[in-house]
Structure formats: C-alpha cells, structure tokens
Amino acid sequence: MSTTDKASPETSDETSGEASGTESGEASRASAAADSTDAAAGAQLSTAPLEDSPGGPAVGIGVIGWARWFWRQLTSMRVALILLFLLSLGAIPGSLVPQNNVDALKVAGWKRDNPSWVSVAEKLQLFDVYSSVWFSAIYLLLFISLIGCIVPRSWQFVGQLRGRPPGAPRRLDRLPAHTTWRTEKTPDEVLSYARTVLRAGRFRTEAGKGHVAAEKGYLREAGNLIFHVALIVMLVAFAWGQYFKSEGGKLVLRGSGFSNTLTQYDDFKSGGLFHPDDLPPFSFTLDRFDATYEMTGPQRGTPRDFKAYVTFSDGAHGTPQKREIQVNKPLEVDGSKVYLLGHGYAPIVSVTDPTGKVIFKDAVPVLPQDANLTSTGAVKVADGYKDKDGKKEQLGFNAVFVPTFAGEGKGTMFSQFPALLMPRLMLNAFHGSLGVDAGLPQNVYVLNTSKMEPFKDEAGQQFKQKLELGQTMTLPNGAGTVKFEGIERWATFSVTQQPGSGLALAGAIAAIAGLAGSLFIQRRRIWVRAVTGKDGVTVVEMAGLGRSESTRLPQELAELAATLHQQAPSAPAALAETRVEETSEGERG
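Okay, so the sequence shown: first residue is 63 according to the numbering used here, each after it adds one.
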C-alpha cells in the first residue's frame, strides 16, 4: 500500500485562505482600476474647469494665493447662480418703491406718506435702485463671473470637439448599460458592422484595437455654453438700453402737431449716456381721433377701437404721409416707436373781462378719472384780465367735465358713458394770483388757490355753475363772463427709444434654445468590443456611458445592439449553451 502525504486541515485552510485572499486582492485591484477607468471616462464628458489635483503643490496664502482663490470662487457656477439670485432679489425694491427716473411725483408722494422711512430709503438708494452702487456691484460681479465661467469651458469644449472618442474601458460589463453575445462572425466583420451601425445613428466613431468607440450628444455642452453666453448678451443689452434709452410723453390736441425735440415733450426721461442729438428728426400732426364703444348690453361702455390719424413727416424736409397709430401698433421711425397711450376731451372755454373783451379762448385738456372719462382740470387766465376797477388780476377755474351727464336730480357729476352724449362742464371761479409769475413749475391740470380768493354768490357761498354746450356763466359783481364754446379731442403719445431691445430678444431666444439643448440632449458614448474566445467563437460586448443617469441610454443601446445583432447573429451552439447556463443559475437561485 503506498503512502501519500496529505496536508493537515489547518494547512489546507491556510493555503485556501491565502489563495482566496490573493484572488480577492486581485479582484479588488481590478475593480478599483475599472472604477478609475469609468470615472475618467465620465469626467471626459464634462466641460467643467479642472480643479487642482490633491497631490499637486499647495496654493500659497500670500496675495497671489488669495487672488487666485477669490477668482476661482467668483468664476464658479455656484457663485454665478447666487449672484443671479441676488440680482433678481435686488430688483424687488425697484418694483415696490417708486423710482426717481420713472415718476418723481410718486417718489415725493411716497416720502410724504412714509416720513419715518425716508432717511433709510435714501441711504439704501431705494429711489434709484437700478443705478445704485450695490445693484451695479452685483451686476458687474455677475458679468465677470459668467465670463470667467464660460471662457475655460469654451476652450475645453473646443478641445473635445477636436478630440476623438476615447478607447474602451477594460471592463465593459461594469458600465451602466451593457450587453453581450457570441457570434460566428469574425471580430473584424463585427467591428465593421458596428461602425456602419453607429455612423447611421450619427455617432462619431473611432476604431481601436479590438473595439470601436463612438460618441454623440455634443450639442448638450454647446447648449450649456449658448445659454451662458446668452445671459451675458442679455446683461449687455440691459446695460446698453439703460444707458442710452429715452422715453417722453406728449399730449396733442386734434389739429395740433408735435416735433421730436426735447422742448416739445411734456415729460422726458433718459439714460445716463443719452444725448439730445440722438433723437431722430420727425414730426406729425393729429388730424383725427376716433374712439368706439359698446353701446348696449352688459359690456356697455367698453372700448372697442382707438385710432389716431396723423400726418407724418420723416426728417426736417420729409414728404408728409398719412399714417394710423393704434394701441399696440406703434409708428416706427429710425429706432424710435410712437405709441398711442390715452385720449380724452378738451373743453373750449372763452373768458371776457368786465368790458366784454375776450381775453382768453382755448381748448383746455382735462384728465380722465374713470373709465367713463369723468375728467378734471383747470382753466388758468394768467394775462390780460382787469377787474371793473382796472386792477390787474389773474383768474382760475377748477373744472369737472363729463361727456355723458345723468341728468338733473339723477346723480352727481359723474359720467355715465365715455362718448359725447350729454356733455356738461362744471366750473368754480377764483381770482388773485395763480403763482405762475414766480417762475416755479406747476401742474397745468391743478389750480393752486393758496394766493387766490373764490368768487361768492348771493348767498355768500363759493360761486360755481354747471354749463351746457354753448351756455355762458356770468361772474359775480360784473367781473366778466365764461362761455362753454365747444369740445375738442386730444390723445397722448409716448415716444420711446430702447436701443438694446432687439439684442435682448435675441439673447432671450438663444438662452431658451441653449437651455432646452442642455436639458434634453444627453452626452453619451458607446463601445463595441469583438474578440475571439477560447473556443474560437467571437465574443461581442456593447456598453454605454452617459453623463447623467437616463432611461434613454439603455433603450438606445438595446436598439443599436438589435441592429448589430441582425448583421452578426448569435451562434447556435453559443445560444444553447447560454440557455443552459441561465437555467443552472436559476436552479441555484
């Protein structure tokens, strides 16, 4: 009987443990290598600026080090988003608090109504938000941050466009989407078929040793860059518009004209770099204004159509042209737009002195106070009047005009309809000083009675009278007469010049397109490997990797694999063997 040395159980266990430990270590190292390969492949799909490697030299803490740290923080996407949020947050006070460059009268009213907050608001520049130091600082920092984000990403993206798809990772089965089969076709035939299939799917392909690499979805990064460039374009357009813009309003009586010069405007505001010479030369005359309203039903009084018919001349010696201006249909002239904003009535009033001489006759515009055009205004007679004793005085009349009066005993002085169905003019009279001789500007639609005395009727009350069209009011004590001669129409126009609006629109469209591309286009790579197995049958592996998790990648890989499988079908023996293996695995499970 022969004797055979046998290892003790302890020795056997140690040997198997060492072997298993060796295999486990090799598997761990292979897994780590595969993970690093996959991570590197995924990192190549991004255009984010590369950070310093952990093993690299540390940045010094001197001036250069701090400057470099500050620049990296400023140009990070996180800081850009924070600045964009702060810019939106900073615009809120500009919407809630009246601004000096928009309406100085509202600013004065806000200060009067909120006296305790005036000092704080002025220190924080809340009345000039968009030109304030803090808003400008946020704006400029955002501008610099976006440029700092885009420039390195652009260079990296150009490099990726010029580069080729990277080679296949060593372990394709570790990628998120993977499939494999065995075929009787040779590896060269399989790879040739794979390149044809991938090119048909608009992939950029690159042949390697035993594999084909393909890449698609570059427009995702292009869309990301377009979005950020569009933001810069919009910021430039906003700044351009704010600095060079101009906007003015003008009330024009029917039959009167307007020329586009600074002195012709009733109110005018502009940007810091605007010059009056930038106003394009043109003029127009308001020939007619038509307004139509719903006459019956629950919509009675609702406006249906407003049209201003003008005679327009482009330039100092332009040929007169007939034009129509409607709401939301402006007249465009050399980058400026003339908008129709509003309309109203102007009662024609004549005033005579005690001798019967007509010292004033004009159409006096009154401002609407409601939808039915109940309007208020003031008639001011500043020159030419002398009382019965020959003393020079000035006359003033508060006026309330209604185009449709309800009738005596049927209500107060409020209009019942915006059209001229039953016009009435209510006047109360004052005499004294209007305050216009002081040289200070005052509202032409408001009567300043601080230096005036009211006329008194026989009962000692303030003298006032309601006038029908053509009716005359006789002032007390032989002071003269006032006649309601007729009614004229007026329209208000806004002339705006916003040089950056077209650029802002283009930037907004580009931003939406770029954002859509960055959200819906997926950057992905496909690898096909074909090698000859130990049994002489070709083993085909396909795997895909995307920049982000998506259900689209496995579906696309399955479609490409199915197309390639038609060219390189599974080997019959391999298919049967695979089924047996699957059954065995199912039994073990």
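We put the CB at the ideal spot given by N, CA and C, even for glycine.
Three-state secondary structure assigned by DSSP to residue i
| i | result |
| --- | --- |
| S398 | strand |
| M296 | helix |
| S181 | helix |
| E455 | coil |
| H273 | strand |
| R264 | coil |
| F219 | helix |
| S632 | strand |
| R226 | coil |
| M475 | coil |
| G540 | helix |
| D597 | coil |
| P516 | strand |
| Y280 | coil |
| A370 | strand |
| A408 | strand |
| E621 | helix |
| E356 | coil |
| L603 | In the sequence under discussion, the amino acid at residue 603 is Glu, which differs from the Leu named in the question. Three-state DSSP puts E603 in a strand. |
| E246 | coil |
| N434 | coil |
| G303 | helix |
| F205 | helix |
| S194 | coil |
| V252 | helix |
| V464 | strand |
Contact set for residue i: own chain, Cβ-Cβ below 6 Å, skip 5 residues either direction
| i | result |
| --- | --- |
| F422 | V413, V443 |
| G579 | L281, G285 |
| Q533 | F546 |
| R486 | V464, F467, K528 |
| G333 | Q304, Y305, F306, K307 |
Residue i and residue j closer than 7 Å at C-beta
| i | j | result |
| --- | --- | --- |
| T662 | A633 | With the chain covering 63 to 651 only, the question about residue 662 has no answer from this structure. |
| L188 | L145 | no |
| L656 | N539 | Since the first residue of the chain shown is 63 and the last is 651, residue 656 is not available in this structure. |
| F344 | S308 | no |
| A256 | F265 | no |
| T267 | G210 | no |
| P249 | T625 | no |
| P427 | L577 | no |
| G303 | D329 | no |
| L156 | V191 | One detail in the question is off: residue 156 reads as Gly in this sequence, not Leu. A contact, by the Cβ cut-off of 7 Å. |
| A623 | T242 | no |
| G542 | K513 | no |
| L208 | A142 | yes |
| L348 | E550 | no |
| L483 | G458 | no |
| F205 | G152 | no |
| G272 | V593 | yes |
Interface flag, residue i vs chain B, CB-CB below 7 Å
| i | result |
| --- | --- |
| S150 | This model lacks chain B altogether, as it is built from one protein chain only. |
Cβ-based neighbour list, residue i, same chain, cut-off 8 Å, excluding 5 preceding and 5 following
| i | result |
| --- | --- |
| R366 | T354, Y355, E356 |
| S375 | F344, S345, F346, T381, P382, Q383 |
| P160 | K168, V169, G171, W172, F189 |
| A378 | P343 |
Close Cβ partners of residue i (< 7 Å) along its chain, the five nearest in sequence each way excluded
| i | result |
| --- | --- |
| L429 | G406, S437, T438, G439, Y507 |
| P631 | T245 |
| I387 | A370, V372, L393, V400, L402 |
| S362 | It should be pointed out that residue 362 corresponds to Arg in this sequence rather than to Ser. Taken in chain order, the residues that qualify are E356. |
| G319 | S345, F346, T347 |
Continuous beta strand (DSSP E) stretch holding residue i: start and end
| i | result |
| --- | --- |
| V557 | 543 to 559 |
| T509 | Looking at the sequence itself, residue 509 is Leu, so the reference to Thr does not match. Unbroken run through L509: none, as it is neither H nor E. |
| Q388 | 383 to 388 |
| G310 | 308 to 315 |
| R232 | No beta strand (DSSP E) holds R232; DSSP gives it neither H nor E. |
| F132 | Per DSSP, F132 belongs to no beta strand (DSSP E); it is in the alpha helix (DSSP H), 125 to 136. |
| A491 | 486 to 494 |
| K526 | 526 to 530 |
| S321 | 319 to 321 |
Run of the alpha helix (DSSP H) containing residue i, from where it starts to where it stops
| i | result |
| --- | --- |
| I583 | Here I583 belongs to no alpha helix (DSSP H), and DSSP marks it neither H nor E. |
| L670 | Because the chain is modelled from 63 through 651, residue 670 falls outside the range shown and cannot be assessed. |
| F336 | Taken as a continuous stretch (DSSP letters only), F336 belongs to no alpha helix (DSSP H), as it is neither H nor E. |
Query raised in the report: Do the region 322 to 334 and the region 427 to 436 meet, that is, are 3 or more Cβ pairs less than 8 Å apart?
Result: The region 322 to 334 makes no contact with the region 427 to 436: fewer than 3 CB pairs, one atom from each, lie closer than 8 Å.
Requested in this report: Mind the definition here: the region 232 to 252 touches the region 597 to 606 only if three or more C-beta pairs lie below 8 Å; say whether that holds.
Outcome: yes
Query raised in the report: Three or more C-beta pairs closer than 8 Å, one from the region 288 to 302 and one from the region 551 to 559: is that the case here?
Result: no
Report task. Would you be able to state if there are at least three C-beta pairs under 8 Å between the region 393 to 409 and the region 454 to 469? Result -> Yes, they touch.
Query raised in the report: Is it true that the region 580 to 592 meets the region 562 to 572, where meeting means three or more beta-carbon pairs spaced less than 8 Å apart?
Result: Below 8 Å, too few C-beta pairs join the region 580 to 592 and the region 562 to 572 to call them touching: fewer than three.
Query - Contact the region 396 to 405 vs the region 524 to 531: 3+ CB pairs below 8 Å - result: By the C-beta criterion, the region 396 to 405 is judged not to be in contact with the region 524 to 531, since fewer than 3 inter-stretch pairs fall below 8 Å.
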